[in-house]
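Colleague: Please read through the structure below; I'll follow up with questions.
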Amino acid sequence: MPLPISTSRRALKHTRSIQIDAFARDDGLWDLDAHITDTKTRDIQLASGIRPVGSPLHDLSLRITIDTNLNIVDAMAVSDAVPYPGFCNTIGPDYKKLIGLNLMMQFRQGVKERMSGINGCTHITELAQILPTAAVQAFAGDVIDTRDGASSSDNPQQPFQLNRCHALRLDGPAVVQYYPRWAVASSSPPDAKSSA
Numbered sequence: 123m124p125l126p127i128s129t130s131r132r133a134l135k136h137t138r139s140i141q142i143d144a145f146a147r148d149d150g151l152w153d154l155d156a157h158i159t160d161t162k163t164r165d166i167q168l169a170s171g172i173r174p175v176g177s178p179l180h181d182l183s184l185r186i187t188i189d190t191n192l193n194i195v196d197a198m199a200v201s202d203a204v205p206y207p208g209f210c211n212t213i214g215p216d217y218k219k220l221i222g223l224n225l226m227m228q229f230r231q232g233v234k235e236r237m238s239g240i241n242g243c244t245h246i247t248e249l250a251q252i253l254p255t256a257a258v259q260a261f262a263g264d265v266i267d268t269r270d271g272a273s274s275s276d277n278p279q280q281p282f283q284l285n286r287c288h289a290l291r292l293d294g295p296a297v298v299q300y301y302p303r304w305a306v307a308s309s310s311p312p313d314a315k316s317s318a
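For the sequence shown, the numbering used here gives the first residue as 123, with consecutive numbering after it.
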């Protein structure tokens with residue numbers, strides 16, 4: 123269901139677009155290519171000059187290469203459109219500092235420590251923050267088994283996604299319906315209305 127139509131008249135002023143593509147490589151590694159653009163609906167005066175309507179203020183890309191354990195083995199960033207040409211677009215090589223981080227082990231803290239403030243580009247660093255969930259989605263069904271076998275011998279491990287969001291909490295109805303062998307009794311008291 124989409125967002126409801128606004129009850130106020132509105133005028134579009136700014137669009138930020140983010141896209142992440144995941145690629146399985148023939149060497150067993152994966153590339154996550156993340157891209158962010160910012161555009162305005164009018165010409166805008168920047169310190170570096172006028173940016174015409176529809177021309178991006180930011181057109182930035184970040185690629186991380188990961189192994190199947192979600193360790194970053196390579197990283198690169200490029201800046202194709204920036205508000206301060208010759209300055210903003212010099213930070214790309216610094217994103218190699220992401221190498222060695224693991225997307226599922228204090229990754230966001232590691233990014234903050236290595237790339238926040240004057241150590242990086244605000245927008246590329248922000249883009250990096252959303253890569254863990256993109257990687258998990260990319261790996262789902264290919265690297266991470268998200269299915270549940272009919273018996274414990276089919277899949278002795280709890281599916282990865284369980285107990286990682288409100289819908290798939292182990293004591294919730296979605297787990298009871300779709301993953302019954304992993305369901306646990308709810309620790310909350312029964313609803314007073316249902317016991318009447």
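Heads up, the beta-carbon is just placed ideally off N, CA and C, and yes, glycines get one too.
(1) CB of Met123 to nearest heavy atom of the ligand NAD: below 7 Å?
(2) What's the call for Thr212, buried or exposed, on a 16-neighbour Cβ count within 10 Å?
(3) Could you please give me the residues that DSSP links to Gln141 through a beta bridge?
(4) Going by alpha carbons, who is nearest to Gln228 out of Arg303, Gly242, Pro254, Gln279?
(5) Could you check how far apart the C-beta atoms of Asp143 and Asp155 are, in whole angstroms? I think they sit under 8 Å.
(6) If you draw a straight line from the alpha carbon of Pro207 to that of Leu225, how long is it in whole angstroms?
(7) Near Ser316, which residues of its chain fall below 8 Å by C-beta distance, leaving aside the five closest residues on each side in sequence?
(8) Name the DSSP bridge partner or partners of Trp152?
(9) With Met198 as the anchor, note down where its alpha helix (DSSP H) starts and where it stops.
(10) My understanding is that Ala199 touches Gly214, with C-beta atoms under 8 Å, so please give their C-beta distance in whole angstroms.
(11) Quick one: using the 10 Å Cβ neighbour count with 16 as the cut-off for buried, is Ser273 buried or exposed?
(12) May I ask which residues mark the beginning and end of the alpha helix (DSSP H) holding Arg230?
Modeller: A quick look at the data gives this:
(1) For the structure depicted, the ligand NAD is absent and the ligand set is empty, with no information on it obtainable.
(2) exposed
(3) His157
(4) Pro254
(5) Cβ-Cβ separation between Asp143 and Asp155: approximately 5 Å, consistent with a contact (criterion under 8 Å).
(6) 31 Å
(7) Caution applies to Ser316, whose pLDDT of 45 falls short of 50 and renders its modelled position unreliable; the model cannot decide the point.
(8) Paired residue(s): Ala146, Ile188.
(9) Counting along the chain, Met198 falls outside any alpha helix (DSSP H), though it belongs to the beta strand (DSSP E) covering 194–203.
(10) 4 Å
(11) For Ser273, the predicted structure reports a pLDDT of 49, less than 50, and the residue's modelled location is therefore unreliable. A value from the coordinates is still provided. Exposed.
(12) Start and end: 229–237.
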